[in-house]
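Asks: Heads up: the protein sequence lines correspond to chains A and B, in order.
Here full-length UniProt numbering is used: the first residue of the first sequence is 1, the next is one more, and so on.
Here full-length UniProt numbering is used: the first residue of the second sequence is 1, the next is one more, and so on.
Glycine included, C-beta positions come from ideal geometry on N, C-alpha and C.
A quick note: this is a predicted structure, and the numbers were derived from the prediction, not measured.
Protein chains: 2
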Amino acid sequence: MTPAPASQPPSIPDVSEMLCFSVYSAEHAFTQLYRPLLDKLKLTYPQYLVMVTLWGRDGRTVKELGGILFLDSSTLTPLLKRLEAAGLVTRTRNPKDEREVLLHLTKEGHALRGHAAEIARCIQDAVGLDGETINAIRASIDDIRDRLQSVERS
Amino acid sequence: MTPAPASQPPSIPDVSEMLCFSVYSAEHAFTQLYRPLLDKLKLTYPQYLVMVTLWGRDGRTVKELGGILFLDSSTLTPLLKRLEAAGLVTRTRNPKDEREVLLHLTKEGHALRGHAAEIARCIQDAVGLDGETINAIRASIDDIRDRLQSVERS
DNA sequence: CATAAATAGATCGTACACAAATTAATCGTA
DNA sequence: TACGATTAATTTGTGTACGATCTATTTATG
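1. Compare the C-beta of residue 32 of chain B with all C-beta atoms of chain A and state if any pair is closer than 9 angstroms.
2. Under 9 angstroms between C-beta atoms, does residue 66 of chain A make it to chain B?
3. Could you tell me whether the region 54 to 64 of chain A touches the region 28 to 46 of chain A, using the rule of 3 or more Cβ pairs below 8 angstroms?
4. Return the residue from the list A:98, A:50, A:107, A:144 that minimises the CA-CA distance to residue 126 of chain B.
5. Rounded to a whole number of angstroms, what is the C-alpha to C-alpha distance between residue 113 of chain B and residue 92 of chain A?
6. Is residue 14 of chain B close to chain A, meaning its C-beta is less than 9 angstroms from at least one C-beta of that chain?
7. With residue 151 of chain B and residue 33 of chain A assumed to form a contact (beta carbons below 8 angstroms), what rounded beta-carbon distance in angstroms separates them?
8. Quick check: what's the CA-CA separation for residue 135 of chain A versus residue 51 of chain A?
9. How far does the alpha helix (DSSP H) with residue 58 of chain A in it reach, from first residue to last?
10. Could you check which residue in A:36, A:18, A:22, A:12 has the C-alpha nearest to that of residue 122 of chain A?
11. Classify residue 138 of chain B as helix, strand or coil using the three-state DSSP reduction.
12. Name the chain A residues whose beta carbon is nearer than 8 angstroms to that of residue 53 of chain B?
13. Determine whether the beta carbon atoms of residue 103 of chain A and residue 58 of chain A lie at a separation below 9 angstroms.
14. Skipping 5 residues on each side, what residues in its chain have a beta carbon closer than 7 angstroms to that of residue 167 of chain A?
15. With DSSP collapsed to three states, give me the class of residue 44 of chain B.
16. Are residue 120 of chain B and residue 149 of chain A touching if we call contact CB-CB under 9 angstroms?
17. For a contact meaning CB atoms closer than 7 angstroms, what does residue 28 of chain A contact in chain B?
18. Secondary structure at residue 93 of chain A, three-state DSSP: helix, strand or coil?
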């Protein structure tokens with residue numbers, strides 16, 4: 001007597017064999033690895049991504065930032081208010097178009113950049129793969145993301 | 001005359017060139033693609049992952065489920081209570097060890113499995129890559145996840 | 001067998017993440 | 001130029017996520 005009839009009608013793959021779960025769990029692993037490193041800077045991982053974007057270029061609008069990070073303003077507004085409260089960024093309305101909010105790094109915000117470079121090195125070491133290999137994997141993942149996004153829009 | 005002095009002291013890569021961001025944004029893209037499909041089942045994406053795990057095998061503890069999905073009880077308890085309230089799972093203390101909570105699918109929980117198979121097909125189509133290619137990428141991502149996790153533990 | 005240590009869940013506080021609704025400013029077109 | 005449509009950001013409500021803490025139960029050790 002078998003303990004259970006193997007599996008009901010439509011067979012669903014094991015969660016560990018699903019691509020979406022690989023991505024989901026890898027995302028968790030990155031977040032967990034970043035957490036103790038970012039704690040020293042009093043930044044969360046999404047806040048860090050925002051800071052990286054602003055270190056690249058200052059004076060962007062919330063909309064532009066959201067376009068880069070694929071985040072909506074309802075996520076960014078409270079996050080940016082926390083960064084403002086922490087003294088890392090300023091949020092000012094664009095005088096040319098009062099609908100827009102311009103984001104600028106403060107002196108303290110710029111100063112964090114140095115520590116962030118160390119963190120990037122830590123993460124590189126943790127992944128432990130050469131740049132060539134990482135770029136190839138990154139290209140694959142970006143390809144999948146773009147495919148998913150093009151379906152979303154259709 | 002260059003428009004800006006290239007970059008301040010330590011150079012941080014563009015966010016779009018960071019592996020962690022690829023994973024982060026791909027995760028978003030999956031969530032966004034799943035959302036309208038799962039809305040029909042009144043499930044969120046993390047709830048769906050829990051259901052997939054339970055469709056694979058019933059009667060697990062919260063601990064076991066968390067081990068598979070890399071989630072802890074403070075995330076799973078409220079999520080499972082919502083699934084219970086939706087009539088999809090039951091949560092009962094293990095009489096053999098009252099510390100544990102056993103998770104079982106209800107008839108309604110089992111019934112959803114059929115719809116889920118359709119969703120899996122939709123996602124496959126969205127990715128639009130053959131199984132061979134997907135498996136290779138999945139292996140790469142899982143490898144990175146495992147590397148990150150082994151560093152976390154050390 | 002009594003009590004300390006370990007374990008499994010649950011609770012609480014903080015911070016994303018997003019849909020839907022709201023407010024304010026700008027644009028398009030008659 | 002008036003005014004409806006569009007746009008940018010904010011607010012609100014729901015649902016993850018997780019660290020820290022707490023409770024209840026089981027296990028280990030004297």
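Replies: On the basis of the coordinates in this document:
1. For the purposes of this step, residue 32 of chain B is identified with residue 32 of the second sequence, where counting begins at 1. Judged by the 9 angstroms Cβ criterion, residue 32 of chain B is in contact with chain A.
2. Along the first sequence, read from residue 1 onward, the residue named residue 66 of chain A stands at position 66. Closer than 9 angstroms: no.
3. no
4. As a position in the second sequence, residue 126 of chain B is number 126, starting the count at 1. For residue 126 of chain B, the nearest C-alpha among the options comes from A:144.
5. By 1-based counting over the second sequence, the position of residue 113 of chain B is 113. By 1-based counting over the first sequence, the position of residue 92 of chain A is 92. Roughly 50 angstroms between the two C-alpha positions.
6. Locating residue 14 of chain B in the second sequence gives position 14, where the first residue counts as 1. Output row for residue 14 of chain B: interface = yes.
7. Within the second sequence, residue 151 of chain B is the residue found at index 151, counting from 1. Within the first sequence, residue 33 of chain A is the residue found at index 33, counting from 1. Contact holds; Cβ gap of about 6 angstroms.
8. The residue labelled residue 135 of chain A in the question sits at position 135 within the first sequence. The residue labelled residue 51 of chain A in the question sits at position 51 within the first sequence. Their Cα atoms are separated by approximately 22 angstroms.
9. By 1-based counting over the first sequence, the position of residue 58 of chain A is 58. It is not in any alpha helix (DSSP H) - residue 58 of chain A carries neither H nor E in the DSSP assignment.
10. Here residue 122 of chain A is taken as the residue at index 122 of the first sequence, counted from 1. Ranking A:36, A:18, A:22, A:12 by Cα distance to residue 122 of chain A puts A:36 first.
11. As a working mapping, residue 138 of chain B is identified with position 138 in the second sequence. In this structure, residue 138 of chain B counts as helix in the three-state DSSP scheme.
12. Taking the first residue of the second sequence as 1, we reach residue 53 of chain B at position 53. Going along chain A in sequence order, the residues near residue 53 of chain B (Cβ under 8 angstroms) are 15.
13. Numbered from 1 along the first sequence, position 103 holds the residue referred to as residue 103 of chain A. Numbered from 1 along the first sequence, position 58 holds the residue referred to as residue 58 of chain A. Cβ distance < 9 angstroms, so residue 103 of chain A and residue 58 of chain A count as in contact.
14. The question about residue 167 of chain A has no answer, for chain A in this structure spans 1 to 154.
15. Here residue 44 of chain B corresponds to residue number 44 of the second sequence, with the count starting at 1. If DSSP states are grouped into helix, strand and coil, residue 44 of chain B belongs with coil.
16. Here residue 120 of chain B corresponds to residue number 120 of the second sequence, with the count starting at 1. Here residue 149 of chain A corresponds to residue number 149 of the first sequence, with the count starting at 1. Not a contact, by the Cβ cut-off of 9 angstroms.
17. Within the first sequence, residue 28 of chain A is the residue found at index 28, counting from 1. Going along chain B in sequence order, the residues near residue 28 of chain A (Cβ under 7 angstroms) are 70.
18. Taking the first residue of the first sequence as position 1, residue 93 of chain A is located at position 93. In the structure shown, residue 93 of chain A sits in a strand (DSSP, three-state: E or B).
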